[in-house]
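Okay, structure first, notes after.
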Amino acid sequence: MLTGKRIRLLPTSEQETLFRKSAGAARWAYNHYIDMQKETYTRYVASGGKGAKFIPEGEIRRHITRDLKPTSHQWLCEVGCNVVKQAVKDADRAMRGFFTKNRFSQVQITQTFQTVVLREL
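In this note's numbering, each residue carries its 1-based index in the sequence shown increased by 583.
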């Protein structure tokens with residue numbers, strides 16, 4: 584059985600800004616992963632099942648780190664590198680779990696970043 588503890592955070596204004604930036608970066612990385620996978624899957628279906636069905640999550644992380652961060656998405660450097668990496672890993676896990684049910688057209692993703700819950704293992 585999982586048990587959790589609720590804690591109240593009282594961050595300074597600088598810490599609150601960093602929390603919000605981290606949540607925004609995570610949300611962007613998650614959605615970017617989903618968009619790239621949707622584009623790849625659409626190309627796969629349009630080509631009659633030829634080509635790649637998925638892009639590996641490591642390749643998407645490398646694309647974000649090597650291609651986007653240094654050029655058009657420098658704001659991603661303001662947060663820790665693990666934020667983006669974990670968001671892409673979480674999206675990959677969700678996508679793979681979703682495809683085991685084989686319902687690609689019914690995907691809906693909603694996220695809220697207002698509550699932080701820490702679980703003790």
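Where is the CB? At the ideal position from N, CA and C, for every residue including glycine. This one's a predicted model, so the numbers in the text were calculated from it and none came from an experiment.
Let me know the secondary structure DSSP gives residue i once reduced to three states.
i: Leu701; result: Bear in mind that a pLDDT of 47 at Leu701, under 50, signals an unreliable position, so the number given afterwards is only what the model happens to contain. Three-state result, Leu701: strand.
i: Asp588; result: A small correction: the amino acid at residue 588 is Lys; Asp does not occupy that position in the sequence shown. In the structure shown, Lys588 sits in a strand (DSSP, three-state: E or B).
i: Leu651; result: helix
i: Phe637; result: coil
i: Val666; result: helix
i: Gly632; result: coil
i: Ser615; result: Sequence inspection shows His at residue 615; the Ser mentioned does not correspond to that position. If DSSP states are grouped into helix, strand and coil, His615 belongs with the helices.
i: Gln595; result: Reading off the sequence shown, one finds Thr at residue 595, where the question assumed Gln. Three-state result, Thr595: coil.
i: His656; result: coil
What is the C-beta distance between residue i and residue j, in whole angstroms, given that I count them as a contact (C-beta under 8 Å)?
i: Ile647; j: Ala612; result: 7 Å
i: Val671; j: Tyr616; result: 5 Å
i: Glu661; j: Lys604; result: 6 Å
When burial is assigned at 16 or more other CB atoms within 10 Å of the CB, is residue i buried or exposed?
i: Glu640; result: buried
i: Arg644; result: buried
i: Ala674; result: buried
i: Leu659; result: buried
i: Met678; result: buried
i: Leu701; result: In this prediction, Leu701 scores a pLDDT of 47, lower than 50, which makes its location untrustworthy; no coordinate-derived value is stated.
Open item on the list: Any contact between the segment 652-659 and the segment 586-598? By contact I mean 3 or more CB pairs, one from each, below 8 Å.
Closed with: Result no; under three Cβ-Cβ pairs closer than 8 Å.
Open item on the list: Would the segment 596-606 count as touching the segment 626-635 if we require 3 or more Cβ pairs under 8 Å?
Closed with: no
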